[in-house]
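Chemist:
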Amino acid sequence: MEMRMRICKFSISILLVLALLSPGLLASGFENSGIGLKARGMSGAFSAIADDWTAAYYNPAGYAFIYDNQWGANFAFVHYRNELTPNYNWPGEDDWDQPGIYNGLNIYNIHEILSNPSVGFVARVPLFGETVFGLSGFQPFDNNISWKLYEHDLAYNDSLSLPVNQFRNNLDVVAFQLTLAKEYLDGKLGIGLGLQLLRADLNQDNTIFRDNPFYDNLPSQLQTLLMKKVTEFNHNDGNGYGFGFKLGTLYKVNESVNLAFNLNVPLDIDISGISELEYHMPKVPSLSSDSVQITNPGPGNLFVAGSRIIDTADFDATLNLPVSFGGGVSYQMNEKLKIAVDAEITLWDSFDGLTFAFSDHRGLPTSADTSDIVRDFMTSDLSYPVKWDNTFKIMAGFDYSYTDYLTIIGGSIFDQSPIRSTQQTTPLFTDTGNKLGISGGFIFHIQQWDLGIISSYTKYDDLNVSSLTDFDDDGNVDNFAGDYKSKTYETVLSFNYRF
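In this note's numbering, the protein residues as written are 22 to 520.
What follows is the structure, encoded as structure tokens:
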């Protein structure tokens with residue numbers, strides 16, 4: 022008993038550390054594809070099996086039928102291989118390409134191998150008869166991608182440059198979950214509940230091309246395509262907390278067949294933090310021999326003087342996370358082979374992007390005090406909207422006990438894309454289309470230890486975004502035209518200890 026308590030205390034101490042280090046593999050939208058070795062090896066077809074601590078993620082009712090105390094961890098290593106050939110062309114009479122965009126070039130996202138640890142433990146306690154209790158930390162939602170797609174045309178500004186991460190979205194939602202489960206109906210039915218504390222972290226960069234508010238007032242010789250737009254670089258860094266819950270049932274029809282149902286309800290999370298609004302103005306050399314040094318030009322000259330203006334502000338935003346529900350069936354074909362099929366619906370139409378409401382601006386030029394045009398331009402809120410559909414995914418997998426020391430697992434998945442109707446995406450949320458994935462691996466059983474490795478590959482449909490669109494009519498383009506291709510590679514290492 023004393024040993025069990027020491028293991029539980031140790032598990033809790035590493036739970037918070039590992040769960041906060043978690044960029045991960047994407048399913049539809051920015052939902053993670055899952056956690057755990059067996060579940061990931063079976064492509065997520067796990068809700069009707071749910072026989073280890075990762076059931077907290079897939080179906081908390083599975084805890085009711087776990088009779089050994091256990092704790093475990095898994096470490097996923099993920100590589101997103103995304104490709105974009107920009108075609109950023111402004112519609113209208115001029116039908117002109119945005120200067121500085123790498124139009125026509127095949128650009129890959131900035132290379133990273135991301136890590137995604139998760140950890141949890143399960144214990145039976147003499148509470149209300151006998152209740153199975155668990156604590157776990159994992160990441161249900163994540164988006165982590167960076168691009169370099171633009172540099173200033175020298176005729177626009179030959180003195181300023183943007184950072185490498187011009188388009189980046191690092192959005193993490195980590196769940197710390199308390200799970201409770203019990204058996205009913207003489208051991209045929211399990212019901213489980215997971216209560217979640219959610220922590221969202223956002224570190225986002227975006228490059229926006231905004232209408233120059235003084236363009237129509239410029240002398241005719243300066244009314245060129247380069248002067249039409251002002252380049253704004255927006256960096257947002259913030260976090261917030263929320264709550265959620267998971268509810269699951271697992272019914273043993275007979276010795277061979279299990280049926281499962283699960284519901285996942287994350288509540289909206291309010292995120293607050295600090296924004297940097299950095300404006301790189303067009304530069305007309307005739308206005309100054311060293312126009313970059315002009316920090317407080319008049320309202321009109323400000324937008325052609327080549328200045329870098331950095332405004333800092335507080336922001337508030339709301340992250341609308343989607344509800345999902347699904348079910349599964351597993352069938353023990355013989356003493357060695359088990360197969361499973363799961364299906365899930367995710368209500369992505371509730372996610373409408375991110376809108377940043379700014380306050381307490383610090384760093385505006387003095388002309389903002391005398392010109393409403395300047396002040397309105399530099400203090401306006403920014404939104405990055407999306408129009409997504411609900412999605413459906415189906416997963417199938419197998420679990421084959423080759424020997425007492427080795428289990429072979431494998432599976433495949435079809436996952437709908439939330440953009441399949443609008444056919445619109447951006448470098449910030451790169452979901453190019455429906456996905457097909459395969460996975461497989463091995464679990465080695467050594468006394469009380471289960472050690473394993475799996476790999477998976479996911480291929481996305483190619484996507485062509487043919488035109489620029491302003492979804493919310495705020496004057497700013499909300500997508501990024503071009504040809505997109507995506508695929509993902511993942512390797513998972515795992516251990517589980519029963520005590």
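Where a beta carbon is used, it is the ideal one built from N, C-alpha and C, also for glycine.
If you're wondering where the values come from, they're calculated on a predicted model, not measured in any experiment.
For a quick check, are the C-beta atoms of residue 364 and residue 69 less than 8 angstroms apart?
Modeler: On the sequence shown, residue 364 is found 343 positions in, with the first residue counted as 1. On the sequence shown, residue 69 is found 48 positions in, with the first residue counted as 1. Against a cut-off of 8 angstroms, the Cβ pair of residue 69 and residue 364 comes out as no contact.
Chemist: Name the DSSP bridge partner or partners of residue 447?
Modeler: As a position in the sequence shown, residue 447 is number 426, starting the count at 1. Paired residues: none, contrary to the question.
Chemist: Are the CB atoms of residue 423 and residue 453 within a distance shorter than 8 angstroms?
Modeler: Sequence index remark: in the sequence shown, residue 453 carries index 432 (1-based). Sequence index remark: in the sequence shown, residue 423 carries index 402 (1-based). For residue 453 and residue 423, no; Cβs fall outside 8 angstroms.
Chemist: Do the stretch 130 to 143 and the stretch 82 to 102 touch if we need at least three Cβ pairs shorter than 8 angstroms?
Modeler: yes
Chemist: If we call anything under 8 angstroms between Cβ atoms a contact, is residue 266 one with residue 217?
Modeler: Along the sequence shown, one-based indexing puts residue 266 at 245. Along the sequence shown, one-based indexing puts residue 217 at 196. Yes, these two residues count as a Cβ contact at 8 angstroms.
Chemist: Within 10 Å of its beta-carbon, does residue 300 have 16 or more other beta-carbons around it, so buried, or fewer, so exposed?
Modeler: Here the question's residue 300 lines up with position 279 in the sequence shown. The residue is buried, with at least 16 neighbouring Cβ atoms inside 10 Å.
Chemist: Counting only the same chain and skipping the five closest in sequence on each side, list residues whose C-beta sits under 8 angstroms from that of residue 329.
Modeler: Translated into positions along the sequence shown, residue 329 becomes position 308. Excluding residues within five positions, the ones whose Cβ falls inside 8 angstroms are 181, 299, 300, 301, 302, 313.
Chemist: Are the CB atoms of residue 442 and residue 461 nearer to each other than 8 angstroms?
Modeler: Within the sequence shown, residue 442 is the residue found at index 421, counting from 1. Within the sequence shown, residue 461 is the residue found at index 440, counting from 1. No, Cβ-Cβ distance for residue 442 and residue 461 is not below 8 angstroms.
Chemist: Just reading off the beta strand (DSSP E) that residue 390 is part of, what are its end residues?
Modeler: As a working mapping, residue 390 is identified with position 369 in the sequence shown. Unbroken run through residue 390 is the alpha helix (DSSP H), 388 to 391; no beta strand (DSSP E).
Chemist: Since residue 413 sits in a beta bridge, which residues does DSSP pair it with?
Modeler: As a working note, residue 413 is residue 392 in the sequence shown. Residue 413 is bridged to 366.
Chemist: Which residues in the same chain have their Cβ closer than 6 angstroms to the Cβ of residue 52, if we skip the five residues on either side of it in sequence?
Modeler: Taking the sequence shown and counting its residues from 1, the one referred to as residue 52 is at position 31. Answer for residue 52: 162, listed in chain order.
Chemist: With residue 247 as the anchor, note down where its alpha helix (DSSP H) starts and where it stops.
Modeler: What you label residue 247 is simply residue 226 of the sequence shown in a count that begins at 1. First-last of the alpha helix (DSSP H) with residue 247: 246 to 249.
Chemist: Since residue 393 and residue 377 should fall inside the 8 angstroms C-beta cutoff, what is the C-beta to C-beta distance between them, to a whole number of angstroms?
Modeler: Along the sequence shown, read from residue 1 onward, the residue named residue 393 stands at position 372. Along the sequence shown, read from residue 1 onward, the residue named residue 377 stands at position 356. So it is not a contact: roughly 21 angstroms between Cβ atoms.
Chemist: In the DSSP output, what is residue 189 paired with across the bridge?
Modeler: By 1-based counting over the sequence shown, the position of residue 189 is 168. 167, 226, per the DSSP bridge assignment.
Chemist: Taking residue 107 as the reference, which of 488, 166, 497 has the closest Cα?
Modeler: As a working note, residue 107 is residue 86 in the sequence shown. Residue 107 has its Cα closest to that of 488, out of 488, 166, 497.
Chemist: Assuming residue 404 and residue 289 form a contact by the criterion Cβ under 8 angstroms, report the distance between their Cβ atoms to the nearest whole angstrom.
Modeler: Within the sequence shown, numbered from 1, the residue matching residue 404 stands at position 383. Within the sequence shown, numbered from 1, the residue matching residue 289 stands at position 268. With 8 angstroms as the limit, residue 404 and residue 289 do not qualify as a contact, their Cβ atoms being about 16 angstroms apart.
Chemist: Could one say the Cβ of residue 488 lies closer than 8 angstroms to chain B's Cβ atoms, at least one of them?
Modeler: Among the chains in the structure shown there is no chain B, since it carries only a single protein chain.
Chemist: Please state whether the Cβ-Cβ distance between residue 166 and residue 123 is less than 8 angstroms.
Modeler: Here residue 166 corresponds to residue number 145 of the sequence shown, with the count starting at 1. Here residue 123 corresponds to residue number 102 of the sequence shown, with the count starting at 1. Taking 8 angstroms as the Cβ cut-off, residue 166 and residue 123 do not qualify as a contacting pair.
Chemist: Go to residue 77, then tell me how far its alpha helix (DSSP H) extends in each direction, as first and last residue.
Modeler: As a working mapping, residue 77 is identified with position 56 in the sequence shown. Residues 76 to 79.
Chemist: In the structure shown, what three-state DSSP assignment does residue 344 receive?
Modeler: On the sequence shown, residue 344 is found 323 positions in, with the first residue counted as 1. Of the three classes helix, strand and coil, the one that applies to residue 344 here is coil, per DSSP.
Chemist: Tell me whether residue 12 sits in a helix, a strand or coil according to DSSP, three-state version.
Modeler: Residue 12 lies beyond the stretch modelled for the chain, which goes from 22 to 520, so this question has no answer here.
Chemist: So is residue 587 buried or exposed if we call it buried at 16+ other beta carbons inside 10 Å?
Modeler: Since the first residue shown for the chain is 22 and the last is 520, residue 587 is missing from the structure and cannot be characterised.
Chemist: Run the CB neighbour count on residue 318, radius 10 Å, all protein chains shown included, and call it buried at 16 or more, exposed below.
Modeler: Position 297 of the sequence shown, counted from the first residue, corresponds to residue 318. In this prediction, residue 318 has a pLDDT of 48, which is less than 50 and means its spatial position is unreliable; what the coordinates show is noted afterwards. With 16 or more other Cβ atoms within 10 Å, it is buried.
Chemist: For residue 46 and residue 353, I'd like the C-alpha separation in whole angstroms.
Modeler: Numbered from its first residue, the sequence shown carries residue 46 at position 25. Numbered from its first residue, the sequence shown carries residue 353 at position 332. Any reading at residue 46 is ruled out, since the residue's pLDDT is 46, under 50, leaving its predicted position unreliable.
Chemist: What are the boundary residues of the beta strand (DSSP E) that residue 281 is part of?
Modeler: Within the sequence shown, residue 281 is the residue found at index 260, counting from 1. From DSSP, the beta strand (DSSP E) with residue 281 extends over 278 to 287.
Chemist: I'd like the list of long-range same chain contacts for residue 490, defined as Cβ closer than 8 angstroms, with 5 residues on each side in sequence excluded.
Modeler: By 1-based counting over the sequence shown, the position of residue 490 is 469. Here the set comprises 445, 498, 499, 500.
Chemist: Between 184, 120, 133, 164, which lies nearest to residue 175 when the distance is taken from Cα to Cα?
Modeler: Along the sequence shown, one-based indexing puts residue 175 at 154. Taking only the C-alpha atoms, the option nearest residue 175 is 120.
Chemist: Could you compute how far the alpha carbon of residue 373 sits from the alpha carbon of residue 409?
Modeler: Locating residue 373 in the sequence shown gives position 352, counting from the first residue. Locating residue 409 in the sequence shown gives position 388, counting from the first residue. One C-alpha to the other measures close to 7 angstroms.
Chemist: What separation, rounded to the nearest whole angstrom, lies between the Cα atoms of residue 152 and residue 260?
Modeler: Locating residue 152 in the sequence shown gives position 131, where the first residue counts as 1. Locating residue 260 in the sequence shown gives position 239, where the first residue counts as 1. Computed Cα separation, rounded: 34 angstroms.
Chemist: On the criterion of 16 or more Cβ atoms from any shown chain inside 10 Å, does residue 509 qualify as buried, or is it exposed?
Modeler: Start at 1 with the first residue of the sequence shown, and residue 509 comes out as number 488. Buried, by the Cβ-count rule.
Chemist: Could you tell me the distance, in whole angstroms, from the CA atom of residue 384 to the CA atom of residue 338?
Modeler: The residue you call residue 384 lines up with position 363 of the sequence shown. The residue you call residue 338 lines up with position 317 of the sequence shown. Straight-line Cα distance between these residues: approximately 21 angstroms.
Chemist: Can you find at least 3 beta carbon pairs, one from the stretch 56 to 68 and one from the stretch 240 to 257, that sit closer than 8 angstroms?
Modeler: no
Chemist: Going by DSSP in three states, residue 242 sits in which element: helix, strand or coil?
Modeler: Within the sequence shown, the letter at position 221 stands for residue 242. Looking at residue 242 - three-state DSSP - the assignment turns out to be helix.
Chemist: If we call anything under 8 angstroms between Cβ atoms a contact, is residue 264 one with residue 294?
Modeler: As a position in the sequence shown, residue 264 is number 243, starting the count at 1. As a position in the sequence shown, residue 294 is number 273, starting the count at 1. Taking 8 angstroms as the Cβ cut-off, residue 264 and residue 294 do not qualify as a contacting pair.
Chemist: Could you tell me if residue 467 is buried or exposed, where buried requires 16 or more neighbouring beta carbons within 10 angstroms of its beta carbon?
Modeler: Indexing the sequence shown from 1 puts residue 467 at position 446. Label assigned to residue 467: exposed.
Chemist: Please work out which residues of its chain come closer than 8 angstroms, Cβ to Cβ, to residue 88, disregarding the five sequence neighbours upstream and downstream, and give them in chain order.
Modeler: Taking the first residue of the sequence shown as 1, we reach residue 88 at position 67. So the list reads 145, once near-sequence residues are dropped.
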